[in-house]
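Colleague: In UniProt numbering, the protein residues as written are 1 to 181.
Positions of the beta carbon are idealized from the N, C-alpha and C atoms, including for glycine.
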Amino acid sequence: MAHFVIALKRNRENESRFNVRECEPIRNAPPGKMYVRCPCNCLFLCKSSSQCISCPKPNCKRVINLTDLTPNPIPGMRKVGCAHCHDTFLFNTFNGLVRCPHCRKISSVGPNFVRRRGLALIFVGIITLVIATALMVGTYIYAGNGGLYLIYIVGFLLGLLSLGRGIYYCTMKNSLIEDPV
Numbered sequence: 001m002a003h004f005v006i007a008l009k010r011n012r013e014n015e016s017r018f019n020v021r022e023c024e025p026i027r028n029a030p031p032g033k034m035y036v037r038c039p040c041n042c043l044f045l046c047k048s049s050s051q052c053i054s055c056p057k058p059n060c061k062r063v064i065n066l067t068d069l070t071p072n073p074i075p076g077m078r079k080v081g082c083a084h085c086h087d088t089f090l091f092n093t094f095n096g097l098v099r100c101p102h103c104r105k106i107s108s109v110g111p112n113f114v115r116r117r118g119l120a121l122i123f124v125g126i127i128t129l130v131i132a133t134a135l136m137v138g139t140y141i142y143a144g145n146g147g148l149y150l151i152y153i154v155g156f157l158l159g160l161l162s163l164g165r166g167i168y169y170c171t172m173k174n175s176l177i178e179d180p181v
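1) In terms of alpha-carbon separation, which member of Leu148, Asn174, Phe123 lies closest to Pro111?
2) Please name the residue, chosen from Val130, Glu178, Arg116, Met172, that lies closest to Gly155 on a Cα-to-Cα basis.
3) Across the region 164 to 172 and the region 113 to 129, are there enough close Cβ pairs to call them in contact, namely three or more that are closer than 8 Å?
4) Per DSSP, what are the beta-bridge partners of Tyr35 in this structure?
5) Can the beta-carbon of Leu97 be found closer than 8 Å to that of Ser108?
6) What is the residue span of the alpha helix (DSSP H) that Thr88 lies within?
7) Are there 16 or more other CB atoms within 10 angstroms of the CB of Ala134, so buried, or fewer, so exposed?
8) Using alpha carbons as the reference points, say which of Val63, Phe113, Asn28, Cys100 lies closest to Cys42.
9) What are the partner residues of Arg99, as DSSP defines its beta bridges?
10) How would you label Val80, buried or exposed, when you count the other beta carbons within 10 angstroms and need 16 or more for buried?
11) Can you tell me the Cα-Cα spacing of Gly159 and Leu150, whole angstroms?
12) Please return the same chain residues whose Cβ sits closer than 7 Å to the Cβ of Pro37, not counting the five positions on each side in sequence.
13) On a Cα-Cα basis, can you pick out the residue from Ile127, Phe113, His84, Asn92 that is closest to Met106?
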């Protein structure tokens with residue numbers, strides 16, 4: 001039976017087993033770091049971006065190649081280059097619009113999404129304006145009370161808002177998908 005010692009310090013990230021003479025992580029590695037275990041059972045912390053490291057034990061000094069340890073890509077997750085600040089970040093491509101975590105500006109991932117949505121909103125805006133104009137012309141003689149004026153105003157506002165949003169989508173910058181994670 002192995003004896004475990006878990007330190008009460010909060011900054012400690014692994015526990016020691018005295019009988020087996022090895023360590024096991026008790027929580028995930030800090031951001032930007034990862035745990036690596038050498039074949040000699042030495043567990044150490046290294047940068048996530050490292051590709052090749054050597055064991056720190058003086059009697060081992062094995063070189064460990066970390067390119068084989070890369071995880072399988074997550075479906076839908078892609079590296080995206082921001083259209084505004086040109087920084088790279090991860091994004092789920094099942095959505096169409098993205099807010100860059102660096103510059104906080106909104107852009108589109110790929111041109112198809114914004115073109116379709118922009119043209120659809122422009123079409124809805126034009127149809128709404130046509131219906132509001134036809135309603136106004138057809139009921140102009142009955143517009144003595146304030147209710148019809150309110151319907152005219154709401155119809156024109158909805159049409160103009162749809163047109164404005166459609167133009168916004170059509171003129172939006174496009175971020176580029178670089179490669180899958």
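Modeller: By the coordinates alone:
1) The shortest Cα separation from Pro111 among Leu148, Asn174, Phe123 belongs to Asn174.
2) Val130
3) yes
4) Leu45
5) yes
6) Where Thr88 is concerned, there is no enclosing alpha helix (DSSP H), although the beta strand (DSSP E) it sits in stretches over 88 to 92.
7) exposed
8) Nearest to Cys42 by C-alpha distance, out of Val63, Phe113, Asn28, Cys100, is Val63.
9) Ile106
10) Taking a 10 Å sphere around the C-beta of Val80, we find 16 or more other C-beta atoms and assign the residue as buried.
11) 14 Å
12) For clarity, residue 37 is Arg in the given sequence; the question names Pro instead. Once the five neighbours on either side are set aside, the close Cβ partners of Arg37 are Leu43.
13) The question names Met, but residue 106 in the sequence shown is Ile. Answer by Cα proximity: His84.
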